[in-house]
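Structure, as structure tokens:
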Amino acid sequence: EDQVTQSPEALRLQEGESSSLNCSYTVSGLRGLFWYRQDPGKGPEFLFTLYSAGEEKEKERLKATLTKKESFLHITAPKPEDSATYLCAVQVDAGNMLTFGGGTRLMVKP
Amino acid sequence: DSGVTQTPKHLITATGQRVTLRCSPRSGDLSVYWYQQSLDQGLQFLIQYYNGEERAKGNILERFSAQQFPDLHSELNLSSLELGDSALYFCASSAGTSGGLQETQYFGPGTRLLVL
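Going down the list, the protein sequences come from chains A and B.
So in the working numbering the end of the first sequence lands on 110, straight run, no missing numbers.
So in the working numbering the end of the second sequence lands on 116, straight run, no missing numbers.
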């Protein structure tokens with residue numbers, strides 16, 4: 001069974017304090033790994049897609065990386081507006097659906 | 001704004017009732033996906049439609065059904081509702097040019113269902 005585990009479940013940072021969120025996965029055949037941001041009561045907002053080990057993508061203060069077993073979302077000098085739940089999801093050979101991890105709730109204090 | 005719209009935003013109903021949730025995909029997208037998000041189970045895939053036909057099924061209950069219409073909008077029907085069906089229901093869409101594989105799914109704002 002495909003499994004996606006995110007850690008930590010919650011993370012408190014001071015503004016400007018860089019950190020990383022982890023997404024580890026056990027799947028039969030990875031076709032894509034997706035990162036989303038979700039604000040309370042809203043729909044997930046797409047951030048990045050990674051397709052193969054070694055791939056990296058950046059957007060503003062966020063950088064996503066992928067290895068054969070896990071992905072990291074690095075947040076550099078975060079701001080309070082970066083506070084949200086960050087979700088990772090995998091798409092595997094067996095189908096088109098996304099299998100999500102439990103998310104990391106990030107809180108950035110000013 | 002992802003371009004995916006969902007109605008209604010909120011729905012309050014009683015156990016045993018039936019409701020219909022509606023989703024309009026982004027312009028040009030052929031694939032529609034339904035997901036359920038609850039506090040204890042996280043985001044779970046329910047079902048996918050591609051250009052009007054069912055493409056993939058997740059752990060969708062038999063009491064739940066969906067369809068995609070010729071104009072590509074989709075409806076999720078939930079019947080014989082139970083307290084445990086209270087959740088956020090999201091619709092997502094993707095271009096569908098490859099049937100969904102490796103395509104980014106864009107999510108709508110969701111419908112919050114409360115079953116009393």
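Where a beta carbon is used, it is the ideal one built from N, C-alpha and C, also for glycine.
- Using a 10 angstroms sphere on the CB of B:PHE45, the tally of other CB atoms reaches 16 or more, which defines it as buried.
- By the Cβ rule, the stretch 8-24 of chain B does not count as touching the stretch 66-75 of chain A, because fewer than three pairs are nearer than 8 Å.
- For B:PHE107 against A:GLY54, the beta-carbon gap comes to about 28 Å, at or over 8 Å, which does not count as contact.
- Within its own chain, the residues whose Cβ lies closer than 7 Å to the Cβ of B:PRO8, once the five positions on either side in sequence are excluded, are THR111, listed in chain order.
- Following the DSSP letters along the chain, one finds B:LEU76 inside the beta strand (DSSP E) bounded by residues 74-78.
- The residue from A:VAL90, A:LYS79, A:MET107 and A:LEU98 with its alpha-carbon nearest to that of A:CYS23 is A:VAL90.
- The contact set of B:THR104 on chain A, defined by CB atoms closer than 8 Å, consists of PHE34, PHE46 and THR49 in chain order.
- Judged by beta-carbon spacing, A:LEU87 lies within the 8 Å limit of A:TYR36, meaning their Cβ atoms are closer than that value.
- A:LEU62 has its alpha-carbon roughly 11 Å from the corresponding atom of A:GLU56.
- About 6 Å separates the beta carbon of A:GLU15 from that of A:LYS79, a gap short enough to meet the 8 Å contact definition.
- If you check each beta-carbon in the stretch 21-33 of chain A against every beta-carbon of chain B, the ones closer than 8 Å belong to ARG31 and GLY32.
- Counting other Cβ atoms within 10 Å of its Cβ, A:GLY103 reaches 16 or more and is therefore classed as buried.
- Under the three-state reduction of DSSP output, A:GLY32 falls in the strand class.
- Runs of beta strand (DSSP E) with 3 or more residues, each lying fully within the stretch 9-76 of chain A, are found at 10-14, 19-26, 30-38, 45-50, 56-59, 62-66 and 70-75, listed in chain order.
- Secondary structure of B:GLY84 (DSSP, three-state): helix.
- Taking the Cβ atoms as the reference, B:ASP1 lies roughly 17 Å from B:SER94, outside the contact range of under 8 Å.
- The bridge partners DSSP lists for B:GLN48 are B:TYR33 and B:ALA56.
- Beta-carbon to beta-carbon, B:ASN77 and B:SER65 are separated by about 5 Å, close enough to satisfy the 8 Å threshold.
- The beta-carbon distance between B:THR104 and A:THR5, rounded to whole angstroms, is 22 Å. This is too long to meet the 8 Å contact definition.
- Using a CB distance below 8 Å, the part of the stretch 77-103 of chain A facing chain B consists of LEU87, ALA89, GLN91, GLY95, ASN96, MET97, LEU98, THR99, PHE100, GLY101, GLY102 and GLY103, ordered along the chain.
- Only residues of its own chain outside the window of five on either side were considered, and among them LEU47 and PHE48 have a CB closer than 8 Å to the CB of A:LYS59, listed in chain order.
- Apart from the 5 residues on each side of it in sequence, A:LEU30 sits with its Cβ closer than 7 Å to the Cβ of VAL90 and VAL92 in its chain, given in chain order.
- In this model, A:ALA10 and A:GLU17 are separated by some 15 Å (Cα to Cα).
- Going by beta carbons, B:GLN48 and B:SER27 fall outside the 8 Å limit.
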